[in-house]
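Trainee: Numbering (UniProt numbering), first residue to last: 1 to 367.
Note that CB positions come from ideal geometry on N, CA and C, so glycine has one too.
Fair warning: this is a prediction, and the values are worked out from it, not measured in the lab.
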């Protein structure tokens with residue numbers, strides 16, 4: 001099974017400014033040794049409320065006192081209160097990444113679900129129409145779908161909307177794999193949402209496997225992100241572009257990760273199928289398995305639409321090429337795209353396998 005080292009939590013507000021609090025999930029000197037759930041918003045709210053109470057109290061007191069007595073106290077308190085109001089407005093407005101300047105998805109047509117996919121498992125937990133599919137997990141089963149054909153390379157994207165509230169232990173995913181063809185020795189390109197508790201943010205995990213599986217010899221190449229928006233409020237587009245030389249992960253056409261081919265041994269080259277699924281991964285998904293799926297909150301629902309698939313089918317013409325990642329058609333990210341990706345990684349990256357001192361770097365030479 002997947003196993004991930006314990007990481008400090010990074011608490012942010014969806015869409016808020018890049019202000020973070022790095023807080024261990026347990027306090028080492030606490031006699032209670034309980035999880036700590038603190039966000040910048042909680043702290044801001046308390047300060048704002050305190051200053052509002054102080055300002056209103058002074059206003060009431062000063063209404064019965066000479067104005068010259070109150071002015072020296074009122075001015076700085078009012079100024080500080082206004083600063084919190086402005087900060088609140090900034091948080092409400094949100095702050096997203098700079099424009100990448102190009103949207104690869106615009107060059108890929110939207111396809112109907114039943115043109116590309118079929119049910120793989122849990123048919124009673126799927127509801128599909130021509131353009132979208134809803135899948136869900138309850139205590140009896142999860143559900144998954146699979147592409148009709150395998151691909152050698154290409155652009156693979158879908159718009160997804162996640163369930164709010166308690167989703168700990170639940171994985172909602174869109175990915176490529178050849179696990180059924182090469183069990184115990186497969187390749188994979190993952191876009192996975194790790195379920196969470198109501199006071200924590202969703203984590204988007206990107207991963208690349210090369211001839212590895214969950215048999216104890218897995219060599220994952222995980223990079224995990226929080227997002228600059230709430231993925232439960234609306235559909236957002238998630239995609240992977242797999243070419244012979246690199247894999248690029250996108251969120252709403254913003255590149256968030258680039259995995260380059262540095263050797264044959266560290267890059268997937270065998271054909272893969274496209275999958276989507278929702279399933280119970282309580283042993284590792286949320287805080288390394290600390291929080292499990294709680295079926296009092298079932299069903300857990302994942303929604304998919306706006307499928308964009310443009311790939312080179314396995315065994316197809318040798319002349320086939322995947323879509324271009326940038327407007328220059330040079331096969332590499334533009335400077336504007338790189339700037340957007342660097343912004344995301346500076347502000348929203350929460351785990352990088354290359355920076356993990358607990359990993360055996362002899363197994364991940366690309367780092």
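How big is the Cα-Cα spacing for residue 250 and residue 221?
Mentor: As a first step, residue 250 is located in the chain shown; it is residue number 250 there, counting from the start. As a first step, residue 221 is located in the chain shown; it is residue number 221 there, counting from the start. Using only the alpha carbons, I get a separation of about 17 Å.
Trainee: What three-state label does DSSP hand residue 352 in the structure shown?
Mentor: Taking the chain shown and counting its residues from 1, the one referred to as residue 352 is at position 352. Looking at residue 352 - three-state DSSP - the assignment turns out to be strand.
Trainee: If you reduce the DSSP assignment to three classes, tell me which class residue 271 lands in.
Mentor: Against the chain shown, residue 271 aligns to sequence position 271. Looking at residue 271 - three-state DSSP - the assignment turns out to be coil, as it is neither helix nor strand.
Trainee: Quick one: grab the DSSP three-state call for residue 192.
Mentor: Indexing the chain shown from 1 puts residue 192 at position 192. Three-state DSSP puts residue 192 in a strand.
Trainee: Locate the alpha helix (DSSP H) running through residue 115, then write down its first and last residues.
Mentor: Against the chain shown, residue 115 aligns to sequence position 115. First-last of the alpha helix (DSSP H) with residue 115: 113-116.
Trainee: Going by the beta-carbon positions, is the gap between residue 223 and residue 333 smaller than 8 Å?
Mentor: If you number the chain shown from 1, residue 223 lands on position 223. If you number the chain shown from 1, residue 333 lands on position 333. In this structure, residue 333 does not lie closer than 8 Å to residue 223 by Cβ.
Trainee: Quick one, which of 265, 200, 151, 338 has its alpha-carbon nearest residue 175's?
Mentor: Here residue 175 refers to the residue found at position 175 of the chain shown. Ranking the options by Cα distance to residue 175, first place goes to 151.
Trainee: Between the C-alpha atoms of residue 125 and residue 164, what's the straight-line distance to the nearest angstrom?
Mentor: Taking the first residue of the chain shown as 1, we reach residue 125 at position 125. Taking the first residue of the chain shown as 1, we reach residue 164 at position 164. Distance between the alpha carbons of residue 125 and residue 164 is about 19 Å.
Trainee: Specify, as a first and last residue, the run of the beta strand (DSSP E) that residue 207 falls within.
Mentor: Here residue 207 refers to the residue found at position 207 of the chain shown. Note, residue 207: beta strand (DSSP E), 203-209.
Trainee: Measure the C-alpha to C-alpha separation of residue 173 and residue 101 and round it to an integer number of angstroms.
Mentor: The sequence position of residue 173 within the chain shown is 173, counting from 1. The sequence position of residue 101 within the chain shown is 101, counting from 1. Their backbone Cα atoms lie some 27 Å apart in a straight line.
Trainee: Among 204, 107, 130, which has the Cα closest to the Cα of residue 305?
Mentor: Here the question's residue 305 lines up with position 305 in the chain shown. The candidate whose alpha carbon is nearest that of residue 305 is 130.
Trainee: Using the beta-carbon count (16 or more within 10 Å), is residue 244 buried or exposed?
Mentor: Here the question's residue 244 lines up with position 244 in the chain shown. So residue 244 counts as exposed.
Trainee: Identify, in the order they occur along the chain, each residue of the same chain with its Cβ nearer than 6 Å to the Cβ of residue 269, setting aside the five sequence neighbours on each side.
Mentor: Translated into the one-based positions of the chain shown, residue 269 becomes position 269. None.
Trainee: With distances taken Cα to Cα, identify the nearest neighbour of residue 265 among 192, 208, 158.
Mentor: Within the chain shown, residue 265 is the residue found at index 265, counting from 1. When each option's Cα is compared against that of residue 265, the closest is 208.
Trainee: Rounded to whole angstroms, how far is the Cβ of residue 98 from the Cβ of residue 339, which I believe are closer than 8 Å?
Mentor: Walking along the chain shown from the start, residue 98 turns up at place 98. Walking along the chain shown from the start, residue 339 turns up at place 339. About 6 Å separates the two Cβ atoms, so the contact holds.
Trainee: Helix, strand or coil, according to DSSP, for residue 200 in the structure here?
Mentor: In the chain shown, residue 200 corresponds to position 200, counting from 1. Coil at residue 200, not helix or strand.
Trainee: Taking Cβ to Cβ, would you say residue 96 is nearer than 8 Å to residue 310?
Mentor: Residue numbering aside, residue 96 sits at position 96 when the chain shown is read from its first letter. Residue numbering aside, residue 310 sits at position 310 when the chain shown is read from its first letter. Not closer than 8 Å, so no.
Trainee: Find the nearest neighbour of residue 147 within the set 204, 272, 189, judged by alpha-carbon distance.
Mentor: Position 147 of the chain shown, counted from the start, is the residue given in the question as residue 147. The option with the nearest alpha carbon to residue 147 is 272.
Trainee: Only counting the same chain, and skipping five residues up and downstream in sequence, which positions put a Cβ closer than 7 Å to that of residue 367?
Mentor: In the chain shown, residue 367 corresponds to position 367, counting from 1. Closer than 7 Å at the Cβ level, and outside the excluded window around residue 367, lie 354, 361.
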